[in-house]
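For reference, the structure discussed in these notes is given below.
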Amino acid sequence: MSDLTGRVRGPLAPSTAVERPLSIDDVEIHGGPLGRWQQINREASIPLGLEQMEKSGAAPNLRLAAGEAGGAFQGYRFQDSDLYKQLEAVAWEHSRHPDDAYRSFVAGSAALLARAQRPDGYLNSHYQVVKPDRIFAELEYSHEMYCAGHLFQAAVAAARAGLGEELLGVARRFADLLVRRFLVDGDDGIDGHAEVETALVELYRLTGERPYLELARKLIDNRGKGLIKSTGMGPLYAQDHLPVREADTAVGHAVRQLYLEAGVVDVAVETGDADLLASSVRRWEDLVATKTSITGGHGSRHDGEAFGERYELPPDRAYNESCAAIASIHWNWRLLLATGHGRYADLIERTLYNAFAASTSADGTRFFYVNPLQRRADLFEDAYLGRRREWFACACCPPNIMRLVSSLGHYVATAGDESVSVHQYVPGVIRAGGAVLDVETDYPWHGRVRFTVRSAPGGAWTLRLRVPAWSTAGDLTPGADGYAAIRREWQAGDTFTLDLDLTPRIVRPHRRIDALRGCAAIERGPLVYCFEQIDQDTELDDLALAPGAALRTVERDLPGIGRTVLVEAGALRLPPAPPRGLPYTTGADAAPAARATATAVPYYQWDNRDGGVMRVWMPLA
Numbered sequence: 002m003s004d005l006t007g008r009v010r011g012p013l014a015p016s017t018a019v020e021r022p023l024s025i026d027d028v029e030i031h032g033g034p035l036g037r038w039q040q041i042n043r044e045a046s047i048p049l050g051l052e053q054m055e056k057s058g059a060a061p062n063l064r065l066a067a068g069e070a071g072g073a074f075q076g077y078r079f080q081d082s083d084l085y086k087q088l089e090a091v092a093w094e095h096s097r098h099p100d101d102a103y104r105s106f107v108a109g110s111a112a113l114l115a116r117a118q119r120p121d122g123y124l125n126s127h128y129q130v131v132k133p134d135r136i137f138a139e140l141e142y143s144h145e146m147y148c149a150g151h152l153f154q155a156a157v158a159a160a161r162a163g164l165g166e167e168l169l170g171v172a173r174r175f176a177d178l179l180v181r182r183f184l185v186d187g188d189d190g191i192d193g194h195a196e197v198e199t200a201l202v203e204l205y206r207l208t209g210e211r212p213y214l215e216l217a218r219k220l221i222d223n224r225g226k227g228l229i230k231s232t233g234m235g236p237l238y239a240q241d242h243l244p245v246r247e248a249d250t251a252v253g254h255a256v257r258q259l260y261l262e263a264g265v266v267d268v269a270v271e272t273g274d275a276d277l278l279a280s281s282v283r284r285w286e287d288l289v290a291t292k293t294s295i296t297g298g299h300g301s302r303h304d305g306e307a308f309g310e311r312y313e314l315p316p317d318r319a320y321n322e323s324c325a326a327i328a329s330i331h332w333n334w335r336l337l338l339a340t341g342h343g344r345y346a347d348l349i350e351r352t353l354y355n356a357f358a359a360s361t362s363a364d365g366t367r368f369f370y371v372n373p374l375q376r377r378a379d380l381f382e383d384a385y386l387g388r389r390r391e392w393f394a395c396a397c398c399p400p401n402i403m404r405l406v407s408s409l410g411h412y413v414a415t416a417g418d419e420s421v422s423v424h425q426y427v428p429g430v431i432r433a434g435g436a437v438l439d440v441e442t443d444y445p446w447h448g449r450v451r452f453t454v455r456s457a458p459g460g461a462w463t464l465r466l467r468v469p470a471w472s473t474a475g476d477l478t479p480g481a482d483g484y485a486a487i488r489r490e491w492q493a494g495d496t497f498t499l500d501l502d503l504t505p506r507i508v509r510p511h512r513r514i515d516a517l518r519g520c521a522a523i524e525r526g527p528l529v530y531c532f533e534q535i536d537q538d539t540e541l542d543d544l545a546l547a548p549g550a551a552l553r554t555v556e557r558d559l560p561g562i563g564r565t566v567l568v569e570a571g572a573l574r575l576p577p578a579p580p581r582g583l584p585y586t587t588g589a590d591a592a593p594a595a596r597a598t599a600t601a602v603p604y605y606q607w608d609n610r611d612g613g614v615m616r617v618w619m620p621l622a
């Protein structure tokens, strides 16, 4: 296994951790949903993204900045970040399957960025072309440091993937400029969109340059001091309402908050700041308890793409941006490495298989920006909320999705002192701490996971297996950290089988979630289910789950989806709403309800067929 230095070939390489991350190529995923996602990412999504780098203006804008083309700037002021995320996706995919085309794309992009970069290291095509006199003067909404952060992460990925250091040179020149201005020279400006903090820490981990870490710490400590000028959305929008160490709950723009938290944990781990880490854990606990959708999605309000109040979790108006799901996984992964606790892996799994997985169509060519939990028949809002789209004018989500899918192996397992911990169950091979494990499973469709030791490091060591909070594990009893620990002197050929209970279950919301009172949802294993009109024999909006509804699983291949496991639930067909008059009554329905069956499909597979009515939360009869 790779050590804890920059030689870890993955997104995260902390210098100290309870659980040590593996390189992307230390884990091979051979099937299951994650394996399929990686396949379609390589075959369909990434080629689409590479094509869109030209069509969307991301690459042409940089040619404008380099003085190599004429015309007008295209897109948003943060258009550069699309290219940076695409570069990171390509770099991690190259780590899995080396490809000369990927190498050429990274080399060509690095050369273009170097030509566009100013002599002082500054690089942002929008401000260089459109507002050269306003550089660093509009940080509250400019996204200049946000774009820089994605550049730094792309450069780290390229370096760790063995794609040369040209991109790293561009990134370091920009990072050095930020250090000079915002650390050495004392400028207290803060970008209104957090992201650069976690990127600076990773750049420090790769290069050993301490000023990058110190700048990240300063940016975090300066939040909540009113240093972010008015965004027009108020101080909560950009998490500038309270110092980070004092804030108890997640607020404002969801993606900004979650990226900030990733940086908070990174800085806390690298500086040994226990109080800073504790503040992030405190907010995590509140977020999970009061502001997390059943799918793991975050962001209740379309206004400001923001968190709402505690227990404000509407299904139909849920925003749950795809980028927020990705940022949540980043934050939880850092907390897992820092603490070794399985509750963070549980939330990663929930988010990964539901809020995140739903963001992409089954063929990998269309994407959701917003991930609601209900869609009505008369939906009339813009295309961001209707069906998945091939691309967006604000295309932050598609290349972000691609970079996470390319790096999924990084999040499967870790190594500790004389231990290997498995956090996500996928068929394939895990190489960690001198051990090589073959994993056979059909998870999440079936709950059996069989481990075979291909080779062992010698002596006694512990295999730690996460037991999800929703399951039992046979005779295994998990510890307080959520893991069952099996310690022995493992030998080549030894096997161990984990059996997780995938019995479908009905889930009810907390009584304080007003929008969901009187409703229930269905889960099976890590999967949240939803009901689509196409699977029902009556109007979905007239169905309600029957009291004590029996649940039955059915395995099928569905057009547009492929293999899946459906859940059939006992239901009642209620009388339709009256065509006239107020939709209220003082008495019970006059017409009796008829028995029916409601059929549910995994939420992540919705919107691959008719694009009709959908709901996760069903009323209880």
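All residue numbers for the sequence shown refer to the numbering used here, where the first residue is 2 and numbers rise by one. Note that CB positions come from ideal geometry on N, CA and C, so glycine has one too.
- In the structure shown, the three-state DSSP call for S422 is strand.
- Within the same chain, Cβ atoms closer than 8 Å to the Cβ of N62 are found at F74, Q75, G76, Q80, D81, S126, H127 and V130, the five residues on either side in sequence being excluded.
- Counting every other CB atom within 10 Å of its CB across the protein chains shown gives E286 a total below 16, marking it as exposed.
- According to DSSP, P22 shares a beta bridge with T415.
- F175: member of the alpha helix (DSSP H) spanning E167 to V180, first to last residue.
- Among the bridge pairs identified by DSSP, H127 is matched with none.
- Pairing V282 with R246, the inter-Cα distance amounts to about 11 Å.
- Note that the C-beta distance between L552 and A572 is not below 7 Å.
- The way I'd put it, the segment 27-38 does touch the segment 404-411; three or more beta-carbon pairs between them come closer than 8 Å.
- Around Y345, the same chain offers N333, L336 and L337 as residues with beta carbons nearer than 6 Å, after the five sequence neighbours per side are excluded.
- In this structure, L559 keeps its C-beta atom at 7 Å or more from the C-beta atom of T600.
- DSSP lists P620 as the beta-bridge partner residues of C520.
- In the DSSP assignment, D558 is bridged to R564.
- Look at T453 here: in three-state DSSP terms it is strand.
- Using a 10 angstroms sphere on the CB of E69, the tally of other CB atoms stays under 16, which defines it as exposed.
- Shown here, L51 sits in a helix according to DSSP, grouped into three states.
- Contact check for R376 against M615 passes: the beta carbons are separated by less than 7 Å.
- Going by beta carbons, L201 and Y213 fall inside the 7 Å limit.
- Distances from the CA of L261 to each of G235, T453 and A195 were compared; the closest alpha carbon is that of A195.
- Less than 7 Å separates the beta-carbon of A239 from that of G193.
- The beta-bridge partner set that DSSP reports for Q537 is empty.
- The C-beta distance from G519 to L621 rounds to 6 Å, short enough to meet the 8 Å contact threshold.
- Contact annotation, F452 with I402: C-beta distance approximately 30 Å; criterion of less than 8 Å not satisfied.
- Taking C-beta atoms as the reference points, E322 and E310 fail to come closer than 7 Å.
- The DSSP-derived three-state label of D502 is coil.
- For P315 against A516, the beta-carbon gap comes to about 4 Å, under 8 Å, which counts as contact.
- Around the beta carbon of V555, a 10 Å sphere encloses fewer than 16 other beta carbons of the protein chains shown; the residue is thus reported as exposed.
- Take A115, set aside five residues on each side of it, and the residues of its chain with a beta-carbon closer than 8 Å to its own are E167, G170 and V171, in chain order.
- Across the set A14, T496 and A18, the C-alpha of A18 shows the shortest separation from the C-alpha of D418.
- By the neighbour-count criterion, in which 16 or more other beta carbons inside 10 Å mark a residue as buried, D536 falls on the buried side.
- At a Cβ-Cβ threshold of 7 Å, G300 and N355 do not count as neighbours.
- Counted as a single uninterrupted DSSP element, the alpha helix (DSSP H) harbouring L261 occupies residues A255 to T272.
- In the assembly as shown, D347 is a buried residue. Its beta-carbon has 16 or more other beta-carbons within 10 Å.
- Scanning its chain for C-beta atoms nearer than 7 Å, with the 5 sequence neighbours on each side dropped, one finds around A328 the residues V256, L259, Y260 and A263, in chain order.
- Boundaries for V107: no beta strand (DSSP E) harbours it, while the alpha helix (DSSP H) harbouring it runs D101 to A117, taken from the DSSP string.
- One Cα belongs to I330, the other to R43, and the distance between them is close to 21 Å.
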